[in-house]
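Heads up: the sequence shown runs through residues -17 to -1, 1 to 472, numbered per mature numbering (1 follows the signal peptide of the UniProt record, and there is no 0).
By construction, the Cβ of each residue, glycine as well, lies at the ideal position given by its N, Cα and C atoms.
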Amino acid sequence: MLVRLFFLALFFTCALLQSNYVTFSRDDTTILLNPERGFYSEVETQSVLESPQPLADSDMSDLLSQNIVLIQRSWYMKALRNTSSLPTSQLQLVAKDFAMIRKYNFKIIPRFTYSQDPTEPDASMAIIQSHLSQLTPILQNNSDIIAVFQAGFIGSYGEWYYSSNNINNIGNYTLLINSLLSILPQDRVIQIRVPQYKQQIYNSITSPYNVNSPATGIRSSNYSRIGIHDDCFLADAYDQGTFNIDTDRQWLANESLRIPFGGESCATSSYSVCGNAKIDLAKFHMSFVNIAYFPGVISSWKSGGCFNEFANKLGYRLSLISASTNINGNQVSYSIAFNNSGYAAPYNAYQIHLGLVNSAGVVYNLPLSHDVRYWTPEVSPIVISSTVSLSSNVPFDSYRMLIKVCDPLLSSASYCIKLANTDTSYNATTGYHSLKSSILYNSTTLQTQVATPTVAQSSTTSPSINSASTLLAKTSMIVAVLSSILLCM
């Protein structure tokens, strides 16, 4: 009996050694340049018939120096509001702006409009549809670098107010939204100005989302692809008409669990000070805020000591809590815990990869099937666990374990999420973080199961045979345990 217990202890010790369990320390202070979140900059341009300001290298470098990698690009096409066909030079301006965004590995929030003041006219729906048709190839060719698309086109600033053509009605809103939904891929969200527009388009004042919403089909319906941008955030109790009634605020809090929310302020108020801003940024799962507008609000955040906190928490801020990895045969099992200390989940898809780097520095990627768009701050810890198979081209070797979370549509590591940890190295070329652990993959690991010997039953008729059987059983157990120890070497 003692022999059995001794070797059983050895067996479980070996099993424990097979599992690499590590913990990580969180970084709450470093401002991380991560895609599709944080403070953004609105950069405007007039049409080619007026005074166009194409995006330049100097613009992009200046934004990088401010820790900004998200641009709202607003094309004001005032001189084209009565022209059914956009000139080639205007299309080239838009295409070159997208190319500049791509060159610097930014993401873009596009908006097109014809009016920059409530007193200025907009365009007719016929002209809007014609212009949108011409812009379609550019938008589709660059959909991978579009963070969200702001519907625009109608009314002053493209916010669907003050239409000189009287096109600011539910019929035209629906027509424009349906056109945009058909142009952009299924995984891209279109933002509109206020909750009432979405409630009217879909004839519902109740949000289907809450913290317990099932983690399936996050962009499976047109409804799930329509979000809100609040361009008078924190201006007063109702954000100057953004919310009609108090229930709109809870509606938006629920919607923003699954659909991106962002915007800018338009005035200082008692609501815009640090204390209240912290509450509302978290309540509405704010992913991005204009760094330049409203100037008084941004200045108050800097003087009030909350600006850097907001820079860290806008959108997502993911960090590792712990990780456990193991190998059995060619099966790599993992259980990894994350924390999201930001205000929102990532709103576009990201692919998680385990990486195995061998002694020669060759990295083998193992894509995992987990959707980060459900990783809201309300869920903590966020634990992912499963098993993945090593392909036949992975050679026997010792492997250091890595992990990365990257945009599946773009190859640059600039579109990977940097995790907020102080004690894991990050490779800016590959996007991989170290999991601070290793596994050994060799021929013995392919022996996925050690046979358990059958111990002979005691016999009262022949003590000598019983003793021999017991000795054989103990010898077999020793061999089995030694084999198990070899398995974890």
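Which two residues bound the contiguous beta strand (DSSP E) that contains residue i?
i    : result
S270 : 269 to 273
G325 : Where G325 is concerned, there is no enclosing beta strand (DSSP E), given that its DSSP letter is neither H nor E.
R56  : 53 to 59
Please go through the same chain and pick out, in chain order, the residues whose beta-carbon is closer than 6 Å to the beta-carbon of residue i, but skip the five residues on each side of it.
i      : result
R(-14) : Only weak support is given to the placement of R(-14): the predicted model assigns it a pLDDT of 48, under 50, and the question is left unresolved by the model.
L373   : N313
R176   : E142, W143
N3     : T308, S420
Does at least one heavy atom of the ligand ATP sit under 7 Å from the Cβ of residue i?
i   : result
T66 : As for the ligand ATP, it is missing from this structure, which has no ligand bound.
Please classify residue i: is it buried, with 16 or more other beta-carbons within 10 angstroms of its beta-carbon, or exposed?
i     : result
T437  : Only weak support is given to the placement of T437: the predicted model assigns it a pLDDT of 30, under 50, and the value that follows is read from those uncertain coordinates. Exposed is the call here.
E238  : buried
Y333  : buried
S98   : buried
Q440  : Confidence at Q440 is low in this model, with a pLDDT of 30, below 50, so the placement of that residue is unreliable and no value is reported for it.
Q432  : At Q432 the pLDDT is 34, less than 50, meaning the model places this residue with poor confidence; the figure from the coordinates comes in the next sentence. The residue is exposed, with fewer than 16 neighbouring Cβ atoms inside 10 Å.
Q37   : Here the sequence assigns Pro to residue 37, which means Gln is not the residue at that position. P37 comes out exposed.
A(-3) : The predicted model places A(-3) with a pLDDT of 42, which falls under 50 and marks its position as unreliable; any figure quoted below should be read in that light. Per the 10 Å Cβ criterion, exposed.
Quick one: residues in its chain with C-beta nearer than 7 Å to the C-beta of residue i, no 5 flanking neighbours on either side, listed in chain order?
i    : result
S450 : With a pLDDT of only 37 at S450, under the threshold of 50, the placement of this residue in the model should not be trusted; the figure read from the coordinates follows. Taken in chain order, the list of residues that qualify is empty.
A411 : A396
L402 : L301, S302, L303, H416
L122 : I166, L167
Which whole-angstrom value describes the C-beta separation of residue i and residue j, a residue pair presumed to lie in contact below a C-beta threshold of 8 Å?
i           : j    : result
I166        : I209 : No, I166 and I209 are not in contact; Cβ-Cβ is about 14 Å, not under 8 Å.
G141        : N151 : Not quite, the Cβ-Cβ distance comes to about 11 Å (not below 8 Å), so this is no contact.
S283        : T308 : In fact, because the Cβ distance is near 46 Å, the residues do not count as touching under 8 Å.
L240        : I211 : About 13 Å separates the two Cβ atoms, so there is no contact after all.
K79         : P18  : K79 to P18, Cβ: 22 Å. No contact.
Y299        : N323 : 6 Å
P360        : Y326 : 7 Å
G135        : T96  : 5 Å
residue 505 : R171 : Because the chain in this structure spans residues -17 to 472, residue 505 falls outside the shown range and cannot be described.
N65         : M108 : With a Cβ gap of about 13 Å, N65 and M108 do not count as contacting.
Please identify the residue among the options whose C-alpha is closest to the C-alpha of residue i.
i           : options                : result
F379        : T28, R9, N323, N313    : N313
H416        : S302, R356, I274, N341 : S302
N148        : A328, K181, T102       : T102
residue 479 : L115, S146, M83        : No information on residue 479 is available, as it lies outside the stretch -17 to 472 that the chain covers here.
G246        : I160, Q233, F267       : F267
L16         : L418, G414, L423       : G414
S196        : L158, I242, L164       : I242
I92         : V26, D11, L393         : V26
S342        : A328, I422, V272       : I422
T6          : H353, A306, Y317, G279 : A306
S203        : T370, L164, D229       : L164
Residue range of the alpha helix (DSSP H) that residue i falls in?
i    : result
M83  : 71 to 86
Y180 : 178 to 184
E238 : 229 to 238
W284 : 278 to 286
G258 : 257 to 266
N124 : 108 to 124
N295 : 290 to 296
G154 : 153 to 166
D100 : No alpha helix (DSSP H) holds D100; DSSP gives it neither H nor E.
D40  : 40 to 48
With a threshold of 8 Å between beta-carbons, can residue i be considered close to chain B, or not?
i   : result
V31 : No chain B appears in this structure, which consists of one protein chain only.
Give every residue of the same chain whose Cβ lies closer than 8 Å to the Cβ of residue i, excluding the five residues on either side of it in the sequence, and list them in chain order.
i    : result
I274 : F22, Y23, S24, Q49, I51, I281
G338 : V346, Y347, N348, L349, M384, L385, I386, K387, T413, Y415
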